[in-house]
Amino acid sequence: MATDPLPLALLDLAPITAGQAPRESFEASVAVARAAERSGYRRVWYAEHHNMASIASSATSVLIGYIAAHTDTIRLGAGGIMLPNHSPLVIAEQFGTLATLFPGRIDLGLGRAPGSDQNTMLALRRDPTAADTFPQDVLELQGYLSGRTRVPGVQAVPRAPEIVPLYILGSSLFGAQLAARLGLPYAFASHFAPTHLHRAVEIYRETFQPSDQLAEPYVIAGANVFAAEDHDDAVGQMTVAYRARTRAMISRGAVGRNFTDAEIDAFLASPNGRQLAQMTRYTAVGTPDEVRDYLTDFAASAGADEVIVAHYATEIADRVRSVELTGEAFLKA
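If you want it as structure tokens, here you go:
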């Protein structure tokens, strides 16, 4: 278990806020990554999502390369690549290229969800049964990255001198069992799917089998963060951000419908809304010390060695400051 200070990672969805162009989102991601780098975070990850007007990280490996070119030392990676959307060879080539260009700085987290809706899944040319071969695809990808291919006569070119470390991402017990069986680090998406966090970590630790990559189990757990110098300011940022998040979710398919804050609050108080609100159960909000104490307790409760945090403040200046304040609070401790 991690002790003091708790290692921090950052999850950046490259959000596109209202009235913002995607290019502005990418520049904001650069600012966030630089803030994380100077504030002591261990890594920044970007998630693969498709057909979502509010998220710009669909071409995940391209974005990682762009951020890497504008930072110096921090580790960067995917949190994650939805492997059933791709052939393992293509992902091995992409991340072999990244690790060749930016040695010692690239991670590869893998998930099996589509990262999209059903129609988008079909547009990605994804077979609806592709997730069934996820364990075999992980092994095939691992073979390419290590130079021990499982496909005779096929190599991933370029292959970096060091092996890109793999992480299994999940929000259910399946990912925990797979990560344990393969001896890989496990990252649980408790920042939006908190239900099975504790049981998944328990299963992972109980059944972990050492591998060439990892001798002991290693758990990363997700949480949301709104940090500000003033507690009430942080709460206000959270209220605005979670209203916007809810509005984006329930507006899909309702073209032209603009829900008021009162309507959003009423929905969140309803049974369906409460279910949505529970998705962000693990949220640290307040001053830097309050956020640090919350995340430290959260990691201890979850059995996590590292916490990956998503800073969701709508305004980029607030998001960058939240990243800085949280990192500084842990460094100070």
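Numbering follows our numbering, with no gaps: position 222 of the sequence shown is 733.
Heads up, the beta-carbon is just placed ideally off N, CA and C, and yes, glycines get one too.
In this text the structure is predicted, and so the values were computed from the model without any measurement.
Query, Result
"Assuming V541 and D523 make a contact with CB atoms under 8 Å, what is their CB distance in whole Å?", "In fact, because the Cβ distance is near 10 Å, the residues do not count as touching under 8 Å."
"Give every residue of the same chain whose Cβ lies closer than 6 Å to the Cβ of E502, excluding the five residues on either side of it in the sequence, and list them in chain order.", "Residue 502 is absent from the model: the chain starts at 512 and stops at 844."
"So, using beta-carbon positions, are I602 and I592 closer together than 8 Å?", "yes"
"How do the stretch 779-789 and the stretch 808-825 stand: do at least 3 beta-carbon pairs fall below 8 Å, yes or no?", "no"
"Here's the rule I'm using: 16 or more other beta-carbon atoms within 10 Å means buried, otherwise exposed. How should P728 be labelled?", "buried"
"Could you tell me the alpha carbon to alpha carbon distance between S701 and A687, rounded to whole angstroms?", "13 Å"
"Identify which residue in S682, V834, Y655 has its Cα closest to the Cα of P669.", "Y655"
"Given that a residue counts as buried once 16 or more other Cβ atoms are within 10 Å of its Cβ, and exposed if not, what is E740?", "exposed"
"If distances are taken between C-alpha atoms only, which option among G530, E559, T718 comes closest to L693?", "T718"
"With 16 other CB atoms within 10 Å as the buried threshold, where does S569 fall?", "buried"
"Give the list of continuous alpha helix (DSSP H) stretches no shorter than 4 residues that lie fully inside the stretch 623-709.", "629-634, 645-657, 684-693"
"Taking Cβ to Cβ, would you say E673 is nearer than 8 Å to G590?", "no"
"Could you name the residues of the same chain whose beta carbon sits closer than 7 Å to that of I775, not counting the 5 residues immediately before and after it, in chain order?", "R754, T757, R758"
"Could you tell me the alpha carbon to alpha carbon distance between A811 and V665, rounded to whole angstroms?", "44 Å"
"Answer yes if the stretch 556-568 comes into contact with the stretch 617-637, meaning at least three C-beta pairs across the two stretches below 8 Å, and no otherwise.", "yes"
"Just verifying my parser: in three-state terms, what is the DSSP assignment at A738?", "strand"
"Between the beta-carbon of A547 and the beta-carbon of G797, is there less than 8 Å?", "no"
"Is R716 helix, strand or coil when you go by DSSP?", "helix"
"In chain order, what residues of the same chain have a beta carbon less than 8 Å from the beta carbon of G620, not counting five sequence neighbours either side?", "W556, G588, A589, G590, G591, I592, L677, Y678, I679, L680, A698"
"Does the separation of the CB atoms of P731 and P705 fall below 8 Å?", "A small fix is needed here, since residue 731 is Ile in this sequence, not Pro. Contact: no."
"Looking at the unbroken alpha helix (DSSP H) that takes in L521, where does it start and where does it end?", "Segment 519-523 is the beta strand (DSSP E) holding L521; no alpha helix (DSSP H) there."
"What residues are listed by DSSP as bridge partners for Y557?", "D523, A589"
"Beta carbon of S833, beta carbon of V712: below 8 Å?", "no"
"Quick check: the Cα distance between A525 and Q531, rounded to an integer number of angstroms?", "12 Å"
"Alpha carbon to alpha carbon, how far is H597 from P646? Give it in angstroms, no decimals.", "14 Å"
"Can you tell me whether S722 is buried or exposed? The criterion is at least 16 other CB atoms within 10 Å of its CB, across all chains shown.", "exposed"
"Could you check whether S550 and E801 sit closer than 8 Å to each other, using their CB atoms as the reference points?", "no"
"Do G576 and L612 have their CB atoms nearer than 8 Å?", "yes"
"Select from P516, D638, L779 the residue whose C-alpha is nearest the C-alpha of T750.", "L779"
"Taking the beta carbon of G658 as the centre, do at least 16 other beta carbons fall within 10 Å, making it buried, or is it exposed?", "exposed"
"Exposed or buried, what is S781 when buried is set at 16 or more other beta-carbons lying within 10 Å of its beta-carbon?", "exposed"
"State the start and end residues of the unbroken beta strand (DSSP E) segment that holds I819.", "817-822"
"Rounded C-beta distance between R553 and L517? I'm assuming under 8 Å.", "R553 to L517, Cβ: 10 Å. No contact."
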